[in-house]
Amino acid sequence: MAGAAERFVSVATRAIRESGRFIVSLAGGSTPRQLYELLATPAYAKRVDWSHTHVFWGDERCVPADDPASNYRLAREALLGRVPVPDANVHRIRGENEPARAAAAYEEALRRAFGTREGPPSRAPGHRFDLVLLGMGTDGHTASLFPSLAAVRENERWVVAQYVAEVSMWRVTVTPPVLNAAGDVVFLVSGAEKAATLHRVLEGPSEPDVLPAQAIAPTDGDLAWLVDAAAAAQLQAEHR
Ligand code: 6PG
Numbered sequence: 006m007a008g009a010a011e012r013f014v015s016v017a018t019r020a021i022r023e024s025g026r027f028i029v030s031l032a033g034g035s036t037p038r039q040l041y042e043l044l045a046t047p048a049y050a051k052r053v054d055w056s057h058t059h060v061f062w063g064d065e066r067c068v069p070a071d072d073p074a075s076n077y078r079l080a081r082e083a084l085l086g087r088v089p090v091p092d093a094n095v096h097r098i099r100g101e102n103e104p105a106r107a108a109a110a111y112e113e114a115l116r117r118a119f120g121t122r123e124g125p126p127s128r129a130p131g132h133r134f135d136l137v138l139l140g141m142g143t144d145g146h147t148a149s150l151f152p153s154l155a156a157v158r159e160n161e162r163w164v165v166a167q168y169v170a171e172v173s174m175w176r177v178t179v180t181p182p183v184l185n186a187a188g189d190v191v192f193l194v195s196g197a198e199k200a201a202t203l204h205r206v207l208e209g210p211s212e213p214d215v216l217p218a219q220a221i222a223p224t225d226g227d228l229a230w231l232v233d234a235a236a237a238a239q240l241q242a243e244h245r
């Protein structure tokens, strides 16, 4: 996770130097916890200007903020409660609200932060996510873009709510156009249970409806996969 932490610091430093602030979208699930805890240590926390950092999420479960399943709670416990990021700079998805209303409110917050009231997201620095952290499920989903759901192909709305049968819950997710406008996208994937899916996503045919992680291809930004050895076990040599 040190590589991911170094990337977080370097993207933050560059963004604040170039546009005066760092806009990051955090990942949910369990993998990023280790990264968040590492970023909260003095070795890294002191290298980020948290007062100019704005924190968003790629998705959220439709649960209260203090629910164990909340992606906001994960980040608050592992990172945000341990670094001096101003509360006003933390823009959580209000999972406790009615899903469609939470999605609309979050899209409004994103549009306000990016300065893009209408239309597609800009790719100009300062008007997009500087960094998007993502995970990948064993079914190839990322954020809450799940196989065969309409959100994978959404290209108008920036944020949508959908009921996800696989996890028997409502989810709010940022859509591919916004994620793909980012300056830097980093997938964090670990564990042997991800190896077969990672091989299909990176080395198999393009089928984003089946493997939504394939829908993430930054238009002008960089894409990195930070993967541990177990998850990389089925990748061909040149991808390791
Ligand atoms: C979520 C995440 C989701 C996650 C993957 C991988 O809300 O669950 O946005 O996309 O990144 O499910 O989760 P793990 O890191 O727990 O394997």
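Going by my numbering, the final residue of the sequence shown carries number 245, and the count climbs one at a time with no gaps.
Don't be surprised by glycine CBs; every beta carbon is placed ideally from N, CA and C.
For the beta strand (DSSP E) holding phenylalanine 61, just list the boundary residues, first then last. Counting along the chain, the beta strand (DSSP E) containing phenylalanine 61 begins and ends at 58-62.
Where does serine 35 land, buried or exposed, given buried means 16+ other C-beta within 10 angstroms? Exposed, since its Cβ has fewer than 16 Cβ neighbours within 10 Å.
Given valine 90 as reference, the closest of Pro69, Ala236 and Val53 once Cα atoms are compared: Selection Pro69, Ala236 and Val53 evaluated against valine 90 yields Val53 as nearest (Cα-Cα).
Using a Cβ-Cβ cutoff of less than 6 Å, which residues in the same chain neighbour glutamate 233 once the five nearest sequence positions on both sides are dropped? Checking the displayed sequence, the identity of residue 233 turns out to be aspartate instead of glutamate. Contacts found: Ser195.
Counterpart residues of glutamine 167 in DSSP-defined beta bridges: Partner residues in the beta bridge of glutamine 167, as assigned by DSSP, are Arg176.
Just to confirm the assignment, what range does the beta strand (DSSP E) spanning phenylalanine 27 have? Where phenylalanine 27 is concerned, the enclosing beta strand (DSSP E) stretches over 27-31.
Does DSSP classify valine 183 as helix, strand or coil? It is helical.
Whose CA, out of Ala7, Arg19 and Tyr77, lies closest to the CA of alanine 63? For clarity, residue 63 is glycine in the given sequence; the question names alanine instead. Of the candidates Ala7, Arg19 and Tyr77, the one whose C-alpha sits nearest the C-alpha of glycine 63 is Tyr77.
Is the beta carbon of valine 165 closer than 7 Å to that of alanine 108? Yes. Within cutoff.
Give the range of the alpha helix (DSSP H) segment to which phenylalanine 13 is assigned. From DSSP, the alpha helix (DSSP H) with phenylalanine 13 extends over 7-24.
Compare the beta carbon distance of alanine 83 and arginine 38 with 7 Å and say whether it is the shorter of the two. Their beta carbons are under 7 Å apart, which means alanine 83 touches arginine 38 by this criterion.
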